[in-house]
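For the protein sequence lines, the chains are S, U, A and H, in the order given.
Read in numbering that gives the first Met the number 0, the first sequence has 203 at position 204, and its numbers run on one by one without any break.
Read in numbering that gives the first Met the number 0, the second sequence has 180 at position 181, and its numbers run on one by one without any break.
Read in numbering that gives the first Met the number 0, the third sequence has 258 at position 259, and its numbers run on one by one without any break.
Read in numbering that gives the first Met the number 0, the fourth sequence has 135 at position 136, and its numbers run on one by one without any break.
Each residue gets a CB set at the ideal place from its N, CA and C atoms; glycine is no exception.
Report on the structure given below.
Protein chains: 4
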Amino acid sequence: MKITLVGTGRVGSAIAFGLTINPLASELLLLNRSRDKAEGDALDLTHAAALVNSNMKIHAGEIADSKDSDVIIFTASVPFRYPEQTRLAMGIENMPILKESIPELARQSPNAIILMVSNPVDALTYETIRLTGFDPKRVIGTGTLVDSIRYRALLSTRLQIHPEDIRAYIMGEHGDSQFAASSIAMTGGERFYPSDTSREMFEKTKAMGYEVFRLKGHTSYGIAMATITILDSITYDLRHTLPVSVMVDGYLGVEDVCLSMPAVIGREGITRILHPVLNEEEQDAFRRSAEIVKQTLVDMEAG
Amino acid sequence: MKITLVGTGRVGSAIAFGLTINPLASELLLLNRSRDKAEGDALDLTHAAALVNSNMKIHAGEIADSKDSDVIIFTASVPFRYPEQTRLAMGIENMPILKESIPELARQSPNAIILMVSNPVDALTYETIRLTGFDPKRVIGTGTLVDSIRYRALLSTRLQIHPEDIRAYIMGEHGDSQFAASSIAMTGGERFYPSDTSREMFEKTKAMGYEVFRLKGHTSYGIAMATITILDSITYDLRHTLPVSVMVDGYLGVEDVCLSMPAVIGREGITRILHPVLNEEEQDAFRRSAEIVKQTLVDMEAG
Amino acid sequence: MKITLVGTGRVGSAIAFGLTINPLASELLLLNRSRDKAEGDALDLTHAAALVNSNMKIHAGEIADSKDSDVIIFTASVPFRYPEQTRLAMGIENMPILKESIPELARQSPNAIILMVSNPVDALTYETIRLTGFDPKRVIGTGTLVDSIRYRALLSTRLQIHPEDIRAYIMGEHGDSQFAASSIAMTGGERFYPSDTSREMFEKTKAMGYEVFRLKGHTSYGIAMATITILDSITYDLRHTLPVSVMVDGYLGVEDVCLSMPAVIGREGITRILHPVLNEEEQDAFRRSAEIVKQTLVDMEAG
Amino acid sequence: MKITLVGTGRVGSAIAFGLTINPLASELLLLNRSRDKAEGDALDLTHAAALVNSNMKIHAGEIADSKDSDVIIFTASVPFRYPEQTRLAMGIENMPILKESIPELARQSPNAIILMVSNPVDALTYETIRLTGFDPKRVIGTGTLVDSIRYRALLSTRLQIHPEDIRAYIMGEHGDSQFAASSIAMTGGERFYPSDTSREMFEKTKAMGYEVFRLKGHTSYGIAMATITILDSITYDLRHTLPVSVMVDGYLGVEDVCLSMPAVIGREGITRILHPVLNEEEQDAFRRSAEIVKQTLVDMEAG
Ligand SMILES: NC(=O)c1ccc[n+]([C@@H]2O[C@H](COP(=O)([O-])OP(=O)(O)OC[C@H]3O[C@@H](n4cnc5c(N)ncnc54)[C@H](O)[C@@H]3O)[C@@H](O)[C@H]2O)c1
Ligand SMILES: NC(=O)c1ccc[n+]([C@@H]2O[C@H](COP(=O)([O-])OP(=O)(O)OC[C@H]3O[C@@H](n4cnc5c(N)ncnc54)[C@H](O)[C@@H]3O)[C@@H](O)[C@H]2O)c1
Ligand SMILES: NC(=O)c1ccc[n+]([C@@H]2O[C@H](COP(=O)([O-])OP(=O)(O)OC[C@H]3O[C@@H](n4cnc5c(N)ncnc54)[C@H](O)[C@@H]3O)[C@@H](O)[C@H]2O)c1
Ligand SMILES: NC(=O)c1ccc[n+]([C@@H]2O[C@H](COP(=O)([O-])OP(=O)(O)OC[C@H]3O[C@@H](n4cnc5c(N)ncnc54)[C@H](O)[C@@H]3O)[C@@H](O)[C@H]2O)c1
């Protein structure tokens, strides 16, 4: 298994370190605008790897070196300047980076699975499908997985139950229009009825990315671990169900846009999209997310 | 963390090997009627442990050596002679083994958690609570965890989804009166509607223990892994939700008997029992299980 | 990665359980004289695997199903009847099993690596090379790895240092003529001078297999873990140095026989044989081992 | 097990992320000059932890919250301004940070083990022993462990042998006077004779920290993994032998200074210091390291 990681900024290098500790590939290639940063990380990680029971080759290079990658993780991006920058503005600035590198990456590895991390993740996942012409099953955005683990972490502290067993999903846009699909949330067979507590937790969840941003200037470890979890399910064909950004397949009348829904992930990418039965409020929220992301796509085109 | 494992037959020694590979304690004490078998396993496992990044002391001994154990795993038993032997008959034969060792084990380790594996597991879990006077939170039977993983394994092959994400529970007696709680089963947010397929899978599940028994003369690895999973949740206070045999707390009007329900497991034992909302058929099945196990207890007393 | 495990007796099924906990392949095929035993283990292990973060297919079958295996682990054997049976007698009885299955296994998987576990392991490793015509780099006997871990475990308890850091090797025959290569033993940079203690530990080591045998009637977990460690180094191309039985390459004038020497193990099998500088006593012991195994081979031919 | 991590800069937060993936404690407390950074990391890591099978509490706080820590990892520091800043200058600037926090940390956790990471690490390890009055067994500097893994990583690529099996040590000062103890280096029982290659590798090793620094502006992952490896050996009392900075015990006539030697590490800290037999050139190098670090200590006092 060969993984190419594009972008070794805060998120990219955290992913690379996580993969060094938990090696999911035999080769990890690091690409970055500043090649020196990628070279420095590759050396530093090679030293760390000497203490791990693995033999993953870690090196830096250029897109040409990515030939025949099995998975491409995309974290390259302009810096996020919160709060003065909107997600839309970020999308407009990131499109040139995508256009510059995605088609060439796809040419080098026509059978790769692409994991999109850069923001706005739903729009960029969609644009990646368009730019590559790849089967949408092979383009996955981290989407609301990171929001879902934040929600589960909050609920876990409250309920004193492991987050893994709190089957609660944040769905829709990885952005302000996301929603907690309470009508399908369960833990240990018990339903989760929406309550003041769960609503409070959801509001906290929605604000969490900004909160971490405010405190440390960026977010990195939660998203890195989310990305590694998706990758784990790909590498070992685990068929885990995870809420990730996918090309919506007509669910609730929505199509031609990427949004997060629970999906099964394996060695071939998305092996199945699940179709939970949502209540009406949730259905509306999903459709609203679709409109917002579609509008972002239009505005990004307009530039 | 000190673990005492009572009984190093097929199940006990498989648990011990699993714990050697995945060390959840600093000390593992093996007790067995034939001390030689326990000594042989301890030596053999010590050799295996030399290849593991751990420092768990593995040794054989007597009940007196179990002093201050944190967890006691009980697999001592008469051999199961299927099909000529009923579970009740087995219970009658196993009671003297329990009476001989459980009170003394409890005296040596008054704060231990006891994991009951021997059959009939629901009745023996109940008797262990009675014999020790322990808070029922600290006595756990493996119950239908093993049936649930068999059910999930079958469904996993059919659905091509990882068993961990198939949140389907077998509840009630670890025996013929068990039932699949279909009304609360979910995977990736999708409900699981009872169907011919799910019914067929459940029938296969119920017969699975006997099938493995017929093929290899005993069952060992599934139950060993189930036990280790419970132990993992205890050692690291993980608070996982697992269907295990517990003293029922009035759920559906049932009490004073041990049956399997989803429960949260941590360093203190059962930290919470969950109360799923079942449909009527399932509720009846749970109550039927209760009656059957109660009758077994009466008959075992009668001996 | 596809692994075929031939023989699901005590050793084989322990290996299979270890591989279920620590999955090193995407497919594990179990073959056994009694197919029912293999089927039973496959089912039981599939249930255990439902609690593991993996997706290894475990199934039973016939040699024809082993097509295109990457690794074949051979544990099929007549039962070992100690002490009335000599190793030579065992070799004579095991040759027909080898002849019956090894050539066909090799035909099905001409590029596989074969791991020989059955006894007498050095002679059977040699015969496997002969029967298959495989490059000797792809035929590995577990050899004195199991003796080395027993020796290290004993030293570890005495020195209070982790066995992994006690770089002491038992070399030569996996049998009575083995020897501890004290002149090259080190721990943390400190040499290990042969002493009464180290000699006593070695004598204990040599007797350890029989001791475990006497206590529990067979040995299984140490050898299972040794086999899994070799396999780990193959699967992930780890290039660990391990004492294993290989076709000796002229070292100390010895050739055309299999004996244990430290070797580097990777995805292609033996990637390099190391040639430690031994003292004279040790050199003589190695040559004596060579003669003994060669004589066994002659006597086995004579049958 | 409670771990307090002081300093959540590049190195500290990489350690915290590594510990989140590989949880070695039940509680991880983060302290940092800017509390916000520590709070942000704690939140971010808590989200990552939701995807890990653990229940480690991760939180930020003040020294008072560190009460009864089992291990304190110290990475607080002024920024390293290479090349205009000497190690001595760094020591002078870091002493006030040590004096401000070490005594209070020691008061809160009088039985803790302290792992020193900040530079100049040998001098600060020594000063920590002096400031706390702790038994030197409970104060460990990461020392040349990081240099040793760099050396092993380089040799591994050349020899195609896993770094773990290349038992080669860099000893002495974590600084320019360090040396490769070639006379005790071994791999798989083969001695390592000093050669042009090994000398070239050592020169590369010595320059490696600066090289990574030049490329990415800091080093983090190698040192983070080294720290986690020491911690692993402490948490599980593994008794691994590792080259770390310890109070030298008269070895080669050296005392009253901290330098790196191979030592055994367990739950109590340094359980034993090993005394390899070095050749004369190496002995001289060790004594030279001692003088250099002693001089640094004098100059730091003069400050
Ligand atoms: N999906 C999520 O949940 C989530 C969470 C956190 C961050 N993010 C997004 O991840 C992205 C990365 O965040 P970060 O904090 O690591 O940013 P960063 O600024 O630290 O890193 C971005 C890196 O991309 C590199 N880069 C820019 N253009 C490139 C190109 N053409 N080729 C290769 N490399 C290039 C830069 O050199 C830089 O190293 C951002 O878009 C951020 O918004 C997403
Ligand atoms: N709960 C489940 O899902 C489940 C699954 C499989 C097996 N089991 C049960 O687990 C038990 C063990 O099964 P097994 O296959 O290992 O049986 P086994 O016969 O192989 O082993 C039982 C062991 O208990 C020992 N023993 C008997 N009396 C003892 C005593 N007083 N003190 C110490 N040791 C004593 C015996 O020497 C023997 O080694 C059985 O009751 C079996 O029905 C339960
Ligand atoms: N190398 C070592 O260090 C080491 C250590 C322990 C055991 N061993 C050897 O491993 C072998 C297995 O030991 P065990 O305790 O598991 O023995 P066992 O008798 O329990 O198992 C042997 C299995 O081989 C099967 N078998 C026999 N002929 C077969 C064939 N033609 N095809 C498929 N399966 C066949 C049998 O049905 C049985 O299940 C023995 O030779 C033993 O001496 C080696
Ligand atoms: N031993 C080694 O092999 C090795 C390797 C790399 C780095 N280092 C050393 O580790 C140290 C940290 O390096 P870095 O790159 O993380 O630096 P950094 O500047 O990124 O982080 C240092 C952190 O310490 C914090 N800090 C300063 N004073 C503090 C105080 N009194 N209390 C709490 N926190 C305080 C700062 O706020 C900052 O977050 C440096 O001394 C560096 O030289 C050692």
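Contact belief for Gly11/A with Thr74/A at Cβ below 8 Å, rounded distance in angstroms:
4 Å
Let me make sure I understand the geometry here. Which of Gly8/U, Ser108/U, Asp298/U has the alpha-carbon closest to that of Asp69/U?
Ser108/U
Should Gly156/U be labelled buried (16 or more other beta-carbon atoms within 10 Å of its own) or exposed?
The sequence given here places Thr at residue 156/U; Gly does not occur at that position. Thr156/U comes out exposed.
Under 8 Å between C-beta atoms of Asp169/H and Thr127/H:
The identity of residue 169/H in the sequence shown is Ile, whereas the question assumes Asp. Between Ile169/H and Thr127/H, the gap from beta carbon to beta carbon reaches 8 Å or more.
Is the CB of Ala180/U under 8 Å away from at least one CB in chain S?
yes
Counting only C-beta atoms, is Asn118/H closer than 8 Å to chain S at any point?
no
Exposure of Asp146/A, with buried meaning 16 or more beta-carbon neighbours within 10 Å
Under this definition Asp146/A is a buried residue.
In the region 218-245 of chain S, which residues sit with their C-beta less than 7 Å from some C-beta in chain A, listed in chain order?
Tyr235, Asp236, Leu237, Arg238
According to DSSP, simplified to helix, strand and coil, what is Gly6/U?
coil
Just to confirm, does Pro102/S get its C-beta within under 7 Å of one of the non-hydrogen atoms of ligand 1?
no
Using 7 Å as the cut-off, classify the Cβ of Arg106/H as near or not near the heavy atoms of ligand 4, replying yes or no.
no
For Ile148/U, does the three-state DSSP call read helix, strand or coil?
helix
Please tell me whether Ile269/U and Gly221/U are closer than 8 Å, where the distance is taken between their beta carbons.
no
Residues of chain H with CB closer than 7 Å to the CB of Asp164/A, please, in chain order.
Under the 7 Å cutoff, chain H gives His239, Thr240.
Does chain H have any CB closer than 8 Å to the CB of Asn21/U?
no
When you compare the region 255-274 of chain A with the region 229-239 of chain A, are there three or more beta-carbon pairs, one atom per stretch, that lie closer than 8 Å?
yes
Excluding sequence positions up to five away, which residues of its chain have a Cβ less than 6 Å from the Cβ of Glu38/H?
In the same chain as Glu38/H, and ignoring 5 residues on each side of it, the C-beta atoms closer than 6 Å to its own belong to Ala59, in chain order.
Just how far apart, CA to CA, sit Gly50/A and Ala167/U?
At residue 50/A the sequence reads Leu, which differs from the Gly that was named. C-alpha separation (whole angstroms): 13 Å.
If you follow the beta strand (DSSP E) that Val243/U is in, where does it begin and where does it stop?
239-248
Tell me, please, whether the CB atom of Arg287/U is closer than 8 Å to any CB atom in chain A?
no
Status (buried if at least 16 other CB within 10 Å, exposed otherwise) for Asp121/U
Asp121/U should be labelled buried.
What is the C-beta distance between Leu44/S and Leu28/S, in whole angstroms, given that I count them as a contact (C-beta under 8 Å)?
About 12 Å separates the two Cβ atoms, so there is no contact after all.
Pro82/S beta carbon near ligand 4 (any heavy atom closer than 7 Å):
no
Can you round the beta-carbon distance between Leu237/S and Asn52/A to whole angstroms, since I take them to be within the 8 Å contact cut?
7 Å
Taking 7 Å as the cut-off, is the C-beta of Lys36/A nearer than that to any heavy atom in ligand 3?
Yes, since a heavy atom of ligand 3 falls inside the 7 Å radius drawn around the Cβ of Lys36/A.
Cβ separation of Leu214/H and Lys36/S, assumed to be a contact under 8 Å, to the nearest whole Å
7 Å
Got a sec: is the Cβ-Cβ distance from Ile112/U to anything in chain S below 8 Å?
Answer no: the Cβ-Cβ gap between Ile112/U and chain S never drops below 8 Å.
Counting only Cβ pairs nearer than 8 Å, list the residues of chain S close to Asn93/A.
Result: empty, since nearest Cβ-Cβ is about 33 Å, beyond 8 Å.
If you measure beta-carbon to beta-carbon, which residues of the region 144-170 of chain H are closer than 8 Å to chain S?
So the close ones are Val145, Ile148, Arg149, Arg151, Ala152, Ser155, His161, Pro162, Glu163.
Does the region 283-296 of chain A touch the region 244-256 of chain A, meaning 3 or more C-beta pairs lie closer than 8 Å?
In short, these stretches touch, since the Cβ pair count reaches three.
In three-state DSSP terms, what is Ser259/U?
Residue state, collapsed to three classes: strand.
Residues of the region 27-61 of chain H whose Cβ lies closer than 9 Å to any Cβ of chain B, in chain order
Protein chains in the displayed structure are S, U, A and H, and chain B is not among them.
With a threshold of 7 Å, establish whether the CB of Ser117/U neighbours any heavy atom of ligand 2.
yes
Thinking C-alpha only, which one of Asp134/A, Thr295/A, Ala301/A is nearest Arg86/A?
Thr295/A
Tell me whether Phe191/S sits in a helix, a strand or coil according to DSSP, three-state version.
In the structure shown, Phe191/S adopts coil according to DSSP, grouped into three states.
According to DSSP, is Lys66/A part of a helix, a strand, or is it coil?
Coil, per DSSP.
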